[in-house]
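*Asks:* In numbering that gives the first Met the number 0, the protein residues as written are 0 to 238. The beta carbon of each residue, even a glycine, is placed where N, CA and C say it ideally should be. What follows is a single structure, and I will ask about it in a moment.
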Amino acid sequence: MRSPISMATLTGIAVAAAVSGPWAQGARPGDLRPFVVGLAAKDGDEPTCSGVVVGRCAVATAAHCVVGEPPLRVQLADGTARNVVRVRSHPGYRLSNDGEPIDDVAVLGLDAPVPGDPLPIDLGDGASWSGGAVAAAGVAGGAFRQSSAYARPRGVAAFVTHDGGRLCHGDSGGPVAAWRGRRWVLVGLTSATVDALGGCSRGLIHVRTAAHASFFRAAGVFDGAGGCDATTAASAARL
């Protein structure tokens, strides 16, 4: 996560070893790495946050990752990069009195399409996910890591997991996905630690995508999110 972190949980059962980028190398069936990106201010910088490809021209991340100095470059799993041409944060993003991020979601539009398929998003159109086994991933410092966890609801707009602190600084905005049928589906984005004083080992909070369906649609993830041009923007995968 991007410092400072406040209130978010991540519960883990198993974790993949950290792999330095380009993190597409050595990908195995079940890996989230083709969908995970790093956010940086400029070329050559280490990622300060993570994100996930949700459309050929769109990346989703945490809103706190784009506040102040928004990222200008998105580093892809294959080692290439894209410029950020549009940043849209949830209009309700704020910190609670306890320092917990609220509506911590944002969408970035890119200047050129990303190869491969985007990660389908759970927008609650069908049977909405409400907890269970998940995988969470990020690219803190440019090194890919993925952990397995059991997620428990935290109100209607978030859920928590615990993985002993394996995901932490730099992993904010990274995907949390549930396995449905024969594919991963994006159910959340990593937001903050549950206990700011206890650090990442005390658990992480993730924002539920289904609770922010109207924002994702309004941000245009199915139409390029303001990035690429209309002739090259492909639709995001929708449930």
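1. For Gly226, which residues from the same chain have a beta carbon less than 7 Å from its beta carbon, with the 5 sequence-adjacent residues on both sides left out?
2. Which whole-angstrom value describes the C-beta separation of Ala156 and Ala210, a residue pair presumed to lie in contact below a C-beta threshold of 8 Å?
3. For the beta strand (DSSP E) containing Ala218, list its first residue and its last residue.
4. Ignore the nearest five residues each way along the sequence and tell me which others in Lys41's own chain have a CB closer than 8 Å to its CB.
5. To which residues of the same chain is Arg93 closer than 6 Å at the C-beta, ignoring the five residues directly before and after it?
6. Distance check for Asp77 and Pro112, CA to CA, integer angstroms please.
7. Identify whether Cys167 lies in helix, strand or coil by the three-state DSSP scheme.
8. Here's the rule: buried if 16 or more other CB atoms are within 10 angstroms of the residue's CB, otherwise exposed. What is Gly29?
9. Roughly how many angstroms separate the alpha carbons of Val193 and His161, rounded to a whole number?
10. Assign Gly226 to one of three DSSP states: helix, strand, or coil.
11. Could you check whether Thr60 and Gly67 sit closer than 8 Å to each other, using their CB atoms as the reference points?
12. Give the DSSP-derived three-state secondary structure of Ala236 in the structure shown.
13. Between Ala80 and Gln74, what straight-line distance do the alpha-carbon atoms span, to the nearest angstrom?
14. Classify Arg32 as buried or exposed, calling it buried when 16 or more other Cβ atoms lie within 10 Å of its own Cβ.
15. Closest to Cys64 by C-alpha separation, out of Val53, Pro46, Ala217, would be which residue?
16. If you draw a straight line from the alpha carbon of Leu166 to that of Gly115, how long is it in whole angstroms?
17. Checking the sheet assignment: what are the DSSP bridge partners for Leu38?
18. Can you say whether Ala135 is buried or exposed, counting buried as having 16 or more other CB atoms within 10 angstroms of its CB?
19. Is the distance from the Cβ of Ser171 to the Cβ of Thr189 below 8 Å?
20. Closest by CA to Arg151, which one among Val133, His168, Arg144, Arg182?
21. Which partner residues of Thr60 appear in the DSSP bridge assignment?
*Replies:* On the basis of the coordinates in this document:
1. Cys56, Ala57, Val84, Arg85, Gly108, Leu109, Asp110, listed in sequence order.
2. So it is a contact: roughly 4 Å between Cβ atoms.
3. From DSSP, Ala218 is part of no beta strand (DSSP E) but of the alpha helix (DSSP H) over 212-218.
4. Correct list, in chain order: Leu71, Arg72.
5. Taken in chain order, the residues that qualify are Ile101.
6. As the crow flies, the alpha-carbon of Pro112 is around 13 Å from that of Asp77.
7. The answer is coil: DSSP assigns Cys167 none of H, G, I, E or B.
8. Around the beta-carbon of Gly29, fewer than 16 other beta-carbon atoms lie within 10 Å, marking it exposed.
9. For Val193 and His161, the gap between their C-alpha atoms comes out near 10 Å.
10. Coil at Gly226, not helix or strand.
11. Contact: no.
12. With a pLDDT of 45 at Ala236, under the threshold of 50, the modelled position of that residue is not reliable, and the figure given next carries that caveat. Note: Ala236 maps to coil in three-state DSSP.
13. So the two alpha carbons sit approximately 4 Å from each other.
14. Burial call: buried.
15. Looking at the Cα atoms, Pro46 is the closest of the given residues.
16. Spanning the two alpha carbons is a distance of roughly 25 Å.
17. According to DSSP, which records beta bridges pairwise, Leu38 is partnered with Cys48, Val73.
18. Classification for Ala135: buried.
19. It is a contact, given that the beta carbons lie within the stated cut-off.
20. Taking only the C-alpha atoms, the option nearest Arg151 is Val133.
21. In the DSSP output, where bridge partners are listed per residue, Thr60 has Ala105.
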